[in-house]
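Notes follow the structure.
Protein chains: 2
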Amino acid sequence: MLSIGFIHTTGQALPEHTGGRRRPRAFASTGIDVMNFCSACGNPVSQKIPEGDNMVRFVCATCTVIHYHNPKIVAGCIPEWNDRILLCRRAIEPKSGLWTFPAGFMEIGESTEQAAIRETAEEAQAEVALTSLHSVLSLPHIGQVYLVFIGKMRTERFGAGTESLDVRLFHPSEIPWDQIAFTVVREALRRYVDDLAKGEMTLHVASIPGSLAKPRLEDDRS
Amino acid sequence: MLSIGFIHTTGQALPEHTGGRRRPRAFASTGIDVMNFCSACGNPVSQKIPEGDNMVRFVCATCTVIHYHNPKIVAGCIPEWNDRILLCRRAIEPKSGLWTFPAGFMEIGESTEQAAIRETAEEAQAEVALTSLHSVLSLPHIGQVYLVFIGKMRTERFGAGTESLDVRLFHPSEIPWDQIAFTVVREALRRYVDDLAKGEMTLHVASIPGSLAKPRLEDDRS
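Chains as they are written, first to last, in UniProt numbering: chain A, 1 to 222; chain V, 1 to 222.
The following block contains the structure:
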């Protein structure tokens, strides 16, 4: 469900029909989960730092529940067929018309691997056997972590799922770099292509540029 | 904030003072996020499969917002000091009195690496430089993914944070296997010790036993 998931990340987490009621102050610019009312008791929430905590949370003054919002996992797959990889042209906003590998929000009840396989089936109608986890890319400013796997396509069969306008095999030299939907997707693909050139796939753990994060592993110098 | 985070996983997501109001039906046994009322408009939510979706969600009949709940990331670290690793004895429920490596829920605004470093500082008062991501362990039945890093302690300094009763260095042969707090922690430590014996740290991507997940990577046979 890449479509709906991404709505969370683009400042549209609450649709217009939340109307004239009290709007939350935090995270409004990033689209990270916001709340007006307590999901436990239905009374208004406010934002404060709970006792013993050091971060601002949505807290219910009526029933005292503290509502935690945590980063979401986007599971993705770079599907390989011989010397080419499968990319999808997005049929949905944001970035409709631009290219990405299959990726979407992980669901409760599945593993990271199942999520990557499912998204590949949904968006590219392709069946993959995952071979490695290639990158773990944090996007601290929007509370997301991309887990990007590499998968071998079991057959040459693929097609456009409902969220894709087109799905095509690209040789690494043909990747449409100026038409990639998201920076994080471009960054993952760049590392993948670099690894191909070096002849060895390695795990990359990093944050994408423009994020708030600093520490990274010694082995990701890109 | 491991303490509060873990409350979400043990069926206590909604405290008793939600009182006599309508209780949610889904996820009640697992403690995965539940809601009674719409966080956007404050009216009651119900559970149904939205059009074009294939999973049951909390949906608001009044303002039509669909509320997605996704897995949470627990970032952890196995801190190394020479040939020993640092473990914490939990001061909080669940599993108070049992041992774990530092781990806790990732926060919005940080990277996975920052989360692991922060948890190590909070729970073990130790400063680490992360050297590798060691395991990605999904717990589908409770909607969590553990990202476990290995970190080198920068100094021998450590101590019990507010969530720990005790913090100690253990040689791998001394790990208190029958007093480990959680299965996922035991599974991560077991892989770490196996890798030590083989003389090579590798990345492990797997789901913990008892979970709903099946697919896994070829390179995690354990």
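Backbone N, C-alpha and C fix where the C-beta goes; we use that ideal spot for every residue, glycine too. Computed from a predicted structure; not experimentally measured.
- Among the residues facing chain V, I73/A is included, as its CB has a counterpart in that chain under 8 Å away.
- Residue burial annotation: H171/V is exposed, with fewer than 16 other C-beta atoms found within 10 angstroms of its C-beta.
- Closer than 8 Å to the CB of C38/V there is at least one CB belonging to chain A.
- Rounded to whole angstroms, the separation of the alpha carbons of L98/A and I180/A is 6 Å.
- Given a length threshold of 4 residues, each whole run of the alpha helix (DSSP H) inside the UniProt domain "Nudix hydrolase" (70-193) of chain A is given here in chain order: 112-124.
- Between I208/V and L139/V, the C-beta gap is smaller than 8 Å, which places the two residues in contact.
- Residues of chain V whose Cβ lies closer than 8 Å to the Cβ of G143/A are, in chain order, I108, G109.
- If you draw a straight line from the Cα of V193/V to the Cα of D178/V, it is about 15 Å long.
- DSSP lists V45/A as the bridge partner or partners of C60/A.
- Judged by beta-carbon spacing, R191/V lies beyond the 8 Å limit of S111/V, meaning their Cβ atoms are not closer than that value.
- For H134/A, not one C-beta of chain V is nearer than 8 Å to its own C-beta.
- With a threshold of 16 other beta carbon atoms within 10 Å, R154/V falls short and is exposed.
- When the Cα atoms are used, I175/A and E113/A turn out to be separated by approximately 25 Å.
- When the beta-carbon positions are compared, G76/V and A40/V stay at least 8 Å from each other.
- The region 122-132 of chain V and the region 84-93 of chain A do not touch, with fewer than 3 CB-CB distances between them shorter than 8 Å.
- Here R89/V is buried. Its C-beta has 16 or more other C-beta atoms within 10 Å.
- T202/A and E51/A have their C-alpha atoms spaced approximately 43 Å apart.
- Under DSSP, A206/A takes part in a beta bridge, and its partners are L137/A.
- Between F37/V and Q47/V, the beta carbon gap of about 13 Å keeps them out of contact (Cβ cut-off 8 Å).
- Counting of Cβ neighbours within 10 angstroms places N54/V among the exposed residues, the total staying below 16.
- For a cut-off of 8 Å, the C-beta gap from K152/V to T131/V is around 6 Å, short enough to register as a contact.
- Only residues of its own chain outside the window of five on either side were considered, and among them D33 have a CB closer than 6 Å to the CB of H69/V, listed in chain order.
- One thing to note: T100/A has its Cβ no nearer than 8 Å to the Cβ of F158/A.
- Here V167/V is not near I73/A, since their CB atoms are 8 Å or more apart.
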